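Q: In terms of this note's numbering, the sequence shown is residues 1 to 172. Beta carbons are placed, not taken as given, at the ideal position from N, Cα and C, and that holds for glycine. Since the structure is predicted, the reported quantities are computational estimates derived from the model, not experimental observations. The following block contains the structure, expressed as structure tokens.
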Amino acid sequence: MLKEEVKEKTLSPQQVRAILNADNKEIVELCKRASILPKKDKKGQTYFSYEEVRNLRRLQAKKGVSNPIAVSAPVPAEAAAQKQASAIKNILVSLKEMETKLSDRIAKVIDEKLEGMDEVVVELIRCKTDNETLRQKIIDLNKEIYQLKNDLGCYKHVGFGMYRKKEKNVWE
């Protein structure tokens with residue numbers, strides 16, 4: 001019978017009951033002992049994987065061989081709630097530790113990347129200062145060129161490589 005279900009990938013609770021030849025109460029007990037939580041599909045119906053059923057079958061066989069009379073004592077609701085609370089607390093602590101480690105690692109990487117940025121910023125400021133200095137020098141040189149061209153325009157060629165300076169008229 002197990003070979004037929006293997007083709008389907010999942011088993012319904014009815015199929016699990018038939019395979020294990022057990023009632024719902026015993027299946028629930030086996031699931032608790034094996035720490036198996038049945039899954040639910042999109043329609044909300046419970047199903048088991050073949051691996052889970054195999055584990056339940058092994059557990060059932062061990063229970064039958066080792067101590068058929070012994071039945072696990074039901075866990076009081078307070079103890080179960082306490083176990084669940086401590087498990088949740090452990091998970092939260094683990095998540096907090098992971099968050100701290102991850103934050104520290106990210107901060108370290110960012111700090112390493114930003115260490116070189118200080119030098120880059122200083123270099124950029126130096127380059128900007130140099131650019132402003134050169135821009136002012138260009139402006140001064142353009143003024144000087146303009147002045148020299150005006151002075152050159154004051155000379156008139158008279159021949160034989162000689163030049164005569166003409167007077168500048170202020171109103172021209």
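For the beta strand (DSSP E) that contains Ser49, what are its first and last residues?
A: As a working mapping, residue 49 is identified with position 49 in the sequence shown. Taken as a continuous stretch (DSSP letters only), the beta strand (DSSP E) holding Ser49 covers 46-49.
Q: Measure the C-alpha to C-alpha separation of Ala73 and Ala81 and round it to an integer number of angstroms.
A: Taking the first residue of the sequence shown as position 1, residue 73 is located at position 73. Taking the first residue of the sequence shown as position 1, residue 81 is located at position 81. Confidence at Ala73 is low in this model, with a pLDDT of 47, below 50, so the placement of that residue is unreliable and no value is reported for it.
Q: Could you give the distance in angstroms between the alpha-carbon of Tyr47 and the alpha-carbon of Ile27?
A: Taking the first residue of the sequence shown as 1, we reach residue 47 at position 47. Taking the first residue of the sequence shown as 1, we reach residue 27 at position 27. Roughly 13 Å between the two C-alpha positions.
Q: Let me know the secondary structure DSSP gives Leu59 once reduced to three states.
A: By 1-based counting over the sequence shown, the position of residue 59 is 59. Helix, per DSSP.
Q: Buried or exposed for Phe124, going by 16 or more other Cβ atoms inside 10 Å?
A: By one-based count along the sequence shown, residue 124 stands at place 124. In the sequence on display, residue 124 carries Leu and not Phe. It counts as exposed.
Q: According to DSSP, simplified to helix, strand and coil, what is Leu11?
A: Translated into the one-based positions of the sequence shown, residue 11 becomes position 11. Here Leu11 sits in strand by DSSP.
Q: With which residues is Met162 paired in a DSSP beta bridge?
A: For the purposes of this step, residue 162 is taken as the residue at position 162 of the sequence shown. Gly159.
Q: With a threshold of 16 other CB atoms inside 10 Å of the CB of Val122, please say whether the residue is buried or exposed.
A: For this step, residue 122 is matched to residue 122 along the sequence shown. Exposed, since its Cβ has fewer than 16 Cβ neighbours within 10 Å.
Q: Can you list, in chain order, the stretches of the alpha helix (DSSP H) that have 4 or more residues and sit fully within the region 112-162?
A: DSSP runs (the alpha helix (DSSP H)) wholly in the region 112-162: none.
Q: According to DSSP, is Lys32 helix, strand or coil?
A: Residue mapping note: residue 32 aligns to position 32 of the sequence shown, counting from 1. Three-state DSSP puts Lys32 in a helix.
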